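Report on the following structure.
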Amino acid sequence: MQKPKLSLKGRALRYLSQREHSRLELARKLSPHVAEGEDLDAVLDWLRDANFLSAERFSESLVHRRAARFGNHRILAELQSHQLSAEDMENRKAEMQETELARAVNLLHRKFPVAPVDQEEKYKQMRFLQQRGFSSASIRAAMRAEREEWH
Numbered sequence: 001m002q003k004p005k006l007s008l009k010g011r012a013l014r015y016l017s018q019r020e021h022s023r024l025e026l027a028r029k030l031s032p033h034v035a036e037g038e039d040l041d042a043v044l045d046w047l048r049d050a051n052f053l054s055a056e057r058f059s060e061s062l063v064h065r066r067a068a069r070f071g072n073h074r075i076l077a078e079l080q081s082h083q084l085s086a087e088d089m090e091n092r093k094a095e096m097q098e099t100e101l102a103r104a105v106n107l108l109h110r111k112f113p114v115a116p117v118d119q120e121e122k123y124k125q126m127r128f129l130q131q132r133g134f135s136s137a138s139i140r141a142a143m144r145a146e147r148e149e150w151h
């Protein structure tokens, strides 16, 4: 027996029950399922008005999921790709700024438990943090913190 087809609203609620989504992301996921006579924007507005869809909750969720593995630059770039408001971006940036150094040190110690023995190893560790989106100030401080701890 075939499953009954989900309405656009039902499909949206199913997606949102799994994790938070941005309006842009949810619209992209729902657009292939829009039937004739259905209004995607009206459904998204209803979800926002009913507080099922929240840009603030989405950005908090994304930051929480990514913070242990990535730096501020990378997370902010991902948030920006979801077209969040400038105010929401500033709020997340301020929150993450406080913890970036601790996150960089923690990630560096997990990936490289031993301090670099030569310049090549030092650059390798610095590139690792840079590719993860950490600021140069946080990278330098994390490298200093690690050397102090291991020597």
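In UniProt numbering, the protein residues as written are 1 to 151. Cβ coordinates follow ideal geometry from the N, Cα and C atoms, glycine included. In this text, all values refer to a predicted model and were calculated from it rather than measured experimentally.
Our contact map puts residue i next to residue j with C-beta atoms below 8 Å; I'd like the distance itself, whole angstroms only.
| i | j | result |
| --- | --- | --- |
| L40 | L53 | Actually they do not touch by this definition, with Cβ atoms about 12 Å apart. |
| L101 | A141 | 5 Å |
| R92 | V63 | 6 Å |
| S22 | F70 | Their Cβ separation, rounded to whole angstroms, is 17 Å, which puts S22 and F70 out of contact at 8 Å. |
| L108 | Q125 | 6 Å |
| E78 | R65 | With 8 Å as the limit, E78 and R65 do not qualify as a contact, their Cβ atoms being about 10 Å apart. |
Measure from the alpha carbon of residue i to the alpha carbon of each residue in the options, then state which is nearest.
| i | options | result |
| --- | --- | --- |
| L24 | R11, L84, D88 | L84 |
| A137 | H109, V43, A104 | A104 |
| H33 | R144, G133, E95, G10 | G10 |
| I75 | R28, L108, Q130, R48 | Q130 |
| A55 | L16, F70, R132 | L16 |
| V43 | G71, S7, A141, A77 | S7 |
| N51 | K122, S135, E20, A145 | E20 |
| E98 | N72, A77, R48 | N72 |
| A115 | M143, M89, E95, I139 | M143 |
| R134 | S61, N106, E121, A86 | Note on residue identity: the sequence assigns Phe, not Arg, to residue 134. Among S61, N106, E121, A86, the Cα nearest to that of F134 is on N106. |
| D45 | S61, G37, E87, L26 | L26 |
| Q18 | E120, S61, M89 | S61 |
| Y123 | A94, P113, I139 | I139 |
Run through the stretch 51-130 for me and flag every whole alpha helix (DSSP H) of 4 or more residues, listed as ranges in chain order.
-> 55-66, 72-81, 86-97, 100-111
Which ranges would you report for the alpha helix (DSSP H) in the UniProt domain "RecX first three-helical" (10-47) if only whole runs of at least 4 residues count?
-> Within the UniProt domain "RecX first three-helical" (10-47), the complete alpha helix (DSSP H) runs of at least 4 residues are 23-30.
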